[in-house]
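A short write-up of the structure that comes next.
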Amino acid sequence: MAIQSEAGLENNLINQLESEGYERIIIKDESDLEYNFKKQLEKFNKTKFSDSEFKKILIYLEGGSLFEKAKKLRDQFELQRDDNEIFYVKFLNKKEWCKNLFQVTNQITVNGKYENRYDVTILINGLPLVQIELKKNGVELKQAFRQIQRYQLHSYHNLFNYIQIFVISNGINTKYFANNSKLNYNFTFFWKDENNRNITTLTEFASTFLEKCQLSKMIAQYMVLNETSKSLMVLRAYQYYAVEAILERVSAKLNGYVWHTTGSGKTLTSFKVCQILSQREDIDKVMFIVDRNDLDYQTTKEFNSFCENSVDGTDDTKSLIKQLTGENKLIITTIQKLHHAVKRKDNNLIDKKDMRMILIFDECHRSQFGDMHRDITDFFTNINYYGFTGTPIFAENANKDKTTCDLFGERLHSYLIKDAIRDENVLQFCIDYVGTFKSRVKVDIDVEAIDEKEVMESEERLGKIADYIIKYHDAKTYEKEFTSIFAVSSIPVLNKYYKIFKNKNPDLKIATIYSYGANEELIDEKHQRDYLENQIKDYNEMFGTNFSTDSFNEYYVDVSKRSKNKQIDILLVVNMFLTGFDNPLLNTLYVDKNLKYHGLIQAFSRTNRIYNDKKMQGNIVCFRNLKQRTDEAVRLFSDKEATEFVVVRPYEDYVKDINLCIDRLLRLTPIFEDVDLLEDEKDIAKFVTIFKNILRDLNRMITFVEFSYDDIKITEQEMIGFKTKYLDLYDRYVRRQSKEKVSVLDDIDFEVELLRRDTINVSYIIQLLKDLNPKDPGFDKDIKHIHDIMHTSHDLKSKAELIDRFIQQHIVESDGNVDIDEELPNFFEKEKNKEIEEIIEKEHLSQDKLNEVIEEYEYSGKFYNDKINESFIDDLGFLERNKKINLLKTKIINLVDKFALI
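Note that UniProt numbering has the sequence shown beginning at 1, numbered continuously upward.
Listed below in structure tokens is the structure:
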């Protein structure tokens, strides 16, 4: 098969769209675009606009951000015509989307910072709403994505800021994504058929997704404007099919459920269902129902982020009854509150029991399988209900309960965990079973096979597990770049763990959260609430908050926020946060409790949300024998062959893969210095591609507890050398590229995100300093290597100038006769004191008070404003003092970071 060029793909696509009913037009530049827009807008609105009227429309459309323009597109403009009459200008038909006007053009030239020509543009009612960028066969799809990023930076303006959807294709692979000011390749999607088969070729994509009515429907009905992030979102194919299936069942007055794996965006899907149904005149109420009180706040917040003030969360039963009998059409509540409402037999509610109501259940198992569900469905006489779940209840995991099918009826659409992993919508799991069962490290920790309560909860066993976590936590979380949850078997065990961690005093921020019963058994003459009260007190000291068990709901929200902000390293839980908690920065789950079936998958799935290139899997560390139960759960919620697909391969496989890549690398460039000798761009491109694959494997391997550079065919220092050269090439060919030019390197992608987690730290640099010898013929090269590492490492850059001076003053001048362990700390301390004196003199501060502030920050990482306030000698006004306090905090943070040697 002949390779298709960009021009060939472009011509074929234009011809295909024209044959499918698009009007093919020629638009050379922005003036042509504006002229065509006027003609199409007049035709769409069945009127004529004078030049002055059209100018008013353009002025209206010009203002605002991408997000605000997306709102304008879906709204109407109140135009005061030349005769002073009011005319409402429409830009998009949102209800009868097939009645919009469709055109296609190519190679529009736009002059921004640079001159750019866009491949294929689809116009709806004259506005450019879809932009398609093409690359020839064989070129990485990311290059088309990068090109759109460049266009966005350099030339997208005026009417091009109304683009809603981008499409990228190399003919063989094709993806789509929503337009936003911050684009992320992780949120580009394949279109699919109803059976989750990816539609990848440009030809098939054009005949399905780009079909006129389908495309217009996606823009009019299947995009969401997120009010919190002020961003556009477009539904993925499986979300679209689920919504369509429910809408069809509502019309037929039949129930059903949707099985979409945990982490695949069920909240967005369910919101879109609720939003569309709430706009239908034949429906009185749409209720979104969660099954746990602690999810009420989170889901309300998410729904309101999709549509501001769309949901008024119900705080109590009386408030819910008021909403059910009032004007609110869309309601979010818990099943417990709805059950209480129908059991109260309120006369006002009884009068409304025949209203047409749709119930949408989030995670449609657990509490729906009892009297509550029956009482609710018996009370209302004209309802249909639909469930969303990532882990349905089947006969195998029903535990004497009814199955999801028994309760909700037919399954309407499925999107399983294997589908989501394949599409890179969620991550695989990397599971360590620590103990006597399939132990990856020699740690004597008893596991569930013994299953004696006394042994499993013994201080000795729990202490060993705590030591293990402390030892490997940094490796699992990429030096705390991500956060973790530790799920334990009971509240008493959690309290034991908390005490153990507190006594060991690791450099970890640990918090707890659990719900206590009013009449629980006393433990050591203390109630569970007393333990939690003390733990919240520690939390308050750690974060400067003021919570208690009386304000548990507020504490819950704060814990959730701080976990999502990486402020909590390990969150100790029993059951809370193991379902419904969506935190992309959580990558590790420690498990010391028995889990099975849906509970196991739900808990594991807290870790596998997509975040960036570095987060390659969700890490699960099991201190129980859960291997068989994991395999059973994966088989039940995917298929029999899915286990190896859902769980990452063994460490040995990655060792084999990385060494094969290293063999190829060393054949191309035997030492990292030889990268500078590569002159042919094809060889440079080959180096980038090979080393990128090495980085991908290395980033996976680092999280395995058995990882060692001894398993790799190059040393850690050589690896860092190659990383430095890789960054040099990126800097030369991408970051410093002042103008677009044709290059072989345009066809590859530098994944610099993979470089941002290095095992390079101060200790590593100190070791390199110890190895320096001025008498060695390679001394200058060694110094340059240290210099390059310091300047390319984000964490070490602030120390680079200091280390350079230390090398000159203490290694070069002493001819290498220096005790690094003694001289380097002394040098840092001396230089630090110099900078402190400069700050004192410049800001007119008390030396003793400032030293107290710095020592407190070095010890606890905290600032106390009253202490900082006392360090100022001068009398300052309120605003000036606050400004200086904030400035001084920044200087102290930079100072401590710069001179830290640990």
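Note that the Cβ used here is the ideal one computed from N, Cα and C, for glycine as well.
Closest Cα partner of residue i within the set the options
i      : options                        : result
His844 : Tyr857, Asn817, Phe872, Glu829 : Phe872
Tyr651 : Tyr611, Thr703, Ile840, Phe637 : Thr703
Arg649 : Lys799, Val853, Val688, Phe429 : Phe429
Ile219 : Trp259, Phe637, Thr262, Ile124 : Ile124
Ser414 : Pro392, Glu554, Asn425, Gly435 : Pro392
Tyr162 : Ser65, Val646, Asp897          : Ser65
Gln775 : Tyr611, Val812, Asp804, Lys615 : For clarity, residue 775 is Lys in the given sequence; the question names Gln instead. Out of Tyr611, Val812, Asp804, Lys615, Val812 has the C-alpha closest to the C-alpha of Lys775.
Val896 : Phe828, Asn84, Glu227, Met616  : Phe828
Tyr590 : Ser563, Ser31, Lys566, Gly618  : Gly618
Phe177 : Ile132, Ser155, Gly390         : Ile132
Phe899 : Leu407, Glu841, Phe547, Ala800 : Ala800
Ser278 : Leu215, Ile360, Ala237, Ser216 : Ile360
Tyr864 : Glu34, Asn12, Leu850           : Leu850
Whether residue i touches residue j by CB criterion (8 Å)
i      : j      : result
Ile820 : Lys770 : yes
Thr477 : Asn587 : yes
Lys142 : Tyr185 : yes
Leu668 : Lys692 : no
Asn495 : Tyr468 : no
Leu79  : Phe91  : no
Leu202 : Ile148 : no
Tyr597 : Leu636 : yes
Ser169 : Leu210 : no
Lys285 : Thr317 : no
Tyr22  : Lys212 : yes
Ser155 : Asn116 : yes
Ile568 : Thr512 : no
Pairwise C-alpha distance: residue j and residue i
i           : j      : result
Val573      : Glu396 : 27 Å
Asp294      : Ile570 : In this prediction, Asp294 has a pLDDT of 45, which is less than 50 and means its spatial position is unreliable; nothing more can be read from the coordinates.
Ser319      : Ile885 : 45 Å
Glu281      : Val557 : 36 Å
Arg81       : Phe54  : 10 Å
Leu159      : Asn36  : 12 Å
residue 904 : Thr403 : Nothing can be reported for residue 904, as the shown portion of the chain is limited to 1 through 902.
Val273      : Leu695 : 41 Å
Glu632      : Tyr60  : 59 Å
Glu822      : Met542 : 34 Å
Ser5        : Asn137 : 7 Å
Lys230      : Val655 : 43 Å
Ile421      : Leu427 : 6 Å
Asp550      : Glu718 : 57 Å
Pro128      : Ile172 : 25 Å
Asn833      : His473 : 34 Å
Asp507      : Lys471 : 11 Å
Asp378      : Gly326 : 21 Å
Arg664      : Met701 : 19 Å
Ile26       : Asp119 : 13 Å
Leu330      : Phe288 : 8 Å
Helix, strand or coil at residue i [DSSP, three-state]
i      : result
Leu772 : coil
His787 : helix
Val139 : coil
Arg649 : coil
Gln808 : helix
Val675 : helix
Asn15  : helix
Asp592 : strand
Phe380 : coil
Ser439 : Caution applies to Ser439, whose pLDDT of 40 falls short of 50 and renders its modelled position unreliable; the value that the coordinates give is listed next. Coil, per DSSP.
Pro128 : strand
Lys830 : helix
Asn865 : helix
Thr477 : coil
Ser169 : strand
Ser216 : helix
heavy atom of the ligand MN below 7 Å from residue i C-beta
i      : result
Val110 : In terms of ligand content, the structure shown is empty, and the ligand MN therefore cannot be addressed.
What alpha helix (DSSP H) runs, 4 residues minimum, are completely inside the stretch 39-124? Within the stretch 39-124, the complete alpha helix (DSSP H) runs of at least 4 residues are 51-62, 66-74.
Whole alpha helix (DSSP H) elements within the stretch 525-592, 4-residue minimum: As far as the stretch 525-592 is concerned, its whole alpha helix (DSSP H) runs of at least 4 residues are 528-543, 552-564.
So within the stretch 226-290, which uninterrupted alpha helix (DSSP H) runs reach at least 4 residues, ignoring any that extend past its ends? The qualifying runs are 237-252, 266-278.
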